[in-house]
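Undergrad:
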Ligand SMILES: *Cc1c(COP(=O)(O)O)cnc(C)c1O
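Numbering (our numbering), first residue to last: 28 to 266.
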């Protein structure tokens with residue numbers, strides 16, 4: 028089998044599993060967007076996935092994402108920034124990515140919105156929530172979340188669309204389920220209490236290669252899947 032056949036096959040498998048999980052949660056497969064996480068994989072792998080119909084891609088570094096986007100600018104791709112974003116790269120991120128999933132502080136939300144307004148673009152923003160309180164992960168603890176959600180309503184150009192979760196890595200996906208469920212409940216609670224309009228938290232970005240089906244069962248609307256599509260990563264990456 029050729030490498031591109033393998034990739035197309037893995038992509039088709041992930042899509043089929045995603046569709047089954049969506050139906051188990053009483054939703055249509057279209058209700059969940061698959062983001063193929065291409066970090067560390069070369070642009071030609073992205074091109075192969077695009078040829079198989081995949082248009083949303085995730086990168087965790089601004090520079091690497093920009094390079095691939097530039098190489099592949101002949102394709103109608105949507106690039107999602109899913110990794111930690113430093114303030115000094117916020118401007119580039121706001122103007123080059125379709126969505127930023129890693130908004131983990133108020134100041135970053137404001138910087139992204141200002142940059143977007145100045146450049147005349149309208150990136151989607153997702154607020155990264157920290158439910159585990161792990162020191163090594165970025166993300167807003169619950170106390171800070173209300174403040175950022177409220178600020179999302181004041182954005183002029185960027186659009187707050189949802190929440191993102193990067194739970195602790197646990198071998199058994201069932202052990203991650205409570206985190207996924209917690210994010211959904213938190214979202215529902217924020218809406219019920221009038222902290223944020225439901226429209227601004229309609230997306231839940233959660234679930235990776237080893238646990239995306241459980242995430243979909245718990246209400247994910249975006250899953251970020253890398254290795255299950257592209258194969259084992261050529262080099263390890265820091266969060
Ligand atoms: C790398 C990464 C993923 C994808 O991980 P896989 O296990 O390869 O599916 C998802 N989300 C974030 C934030 C990542 O950094």
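Glycine is no exception: its CB is placed at the ideal position from the N, C-alpha and C atoms.
#1: If we call anything under 8 Å between Cβ atoms a contact, is residue 126 one with residue 139?
#2: Under 8 Å: do the segment 47-55 and the segment 65-78 share three or more Cβ pairs, one atom per stretch?
#3: Does any CB atom of chain C fall closer than 8 Å to the CB of residue 120?
#4: If you follow the alpha helix (DSSP H) that residue 84 is in, where does it begin and where does it stop?
#5: Where residue 40 and residue 100 are concerned, what is the direct C-alpha to C-alpha distance, given to the nearest angstrom?
#6: I'd like to check one pair, residue 215 with residue 167: are the Cβ atoms closer than 8 Å?
#7: Which residues in the same chain as residue 104 place their Cβ atom closer than 8 Å to its Cβ, once the five residues preceding and following it in sequence are excluded?
#8: Measure how close the beta-carbons of residue 129 and residue 257 come, nearest whole angstrom, since I'm counting them as under 8 Å.
#9: Within 10 Å of its beta-carbon, does residue 32 have 16 or more other beta-carbons around it, so buried, or fewer, so exposed?
#10: Determine, using beta carbons only, whether residue 226 and residue 249 come nearer to each other than 8 Å.
#11: Would residue 155 be called buried (16 or more neighbouring beta carbons within 10 Å of its own) or exposed?
#12: Go ahead and label residue 183 buried or exposed: buried means 16 or more other beta carbons lie within 10 angstroms of its beta carbon, across all protein chains shown.
#13: Using DSSP bridges, identify the partner residues of residue 24.
#14: Whole-angstrom Cβ separation of residue 159 and residue 194, contact assumed at under 8 Å?
#15: Three-state secondary structure (DSSP) at residue 132?
#16: Measuring from the CB of residue 274, is there a heavy atom of ligand 1 at a distance below 7 Å?
TA: On the basis of the coordinates in this document:
#1: no
#2: no
#3: No chain C appears in the structure shown, which is made up of a single protein chain.
#4: Taken as a continuous stretch (DSSP letters only), residue 84 belongs to no alpha helix (DSSP H), being part of the beta strand (DSSP E) at 83-86.
#5: 27 Å
#6: no
#7: 73, 77, 82, 83, 84, 96
#8: No, residue 129 and residue 257 are not in contact; Cβ-Cβ is about 20 Å, not under 8 Å.
#9: exposed
#10: no
#11: buried
#12: exposed
#13: The shown model of the chain, from 28 to 266, leaves out residue 24, and the question about it has no answer.
#14: 6 Å
#15: coil
#16: In the structure as shown, the chain starts at 28 and stops at 266, and residue 274 therefore has no counterpart that could be examined.
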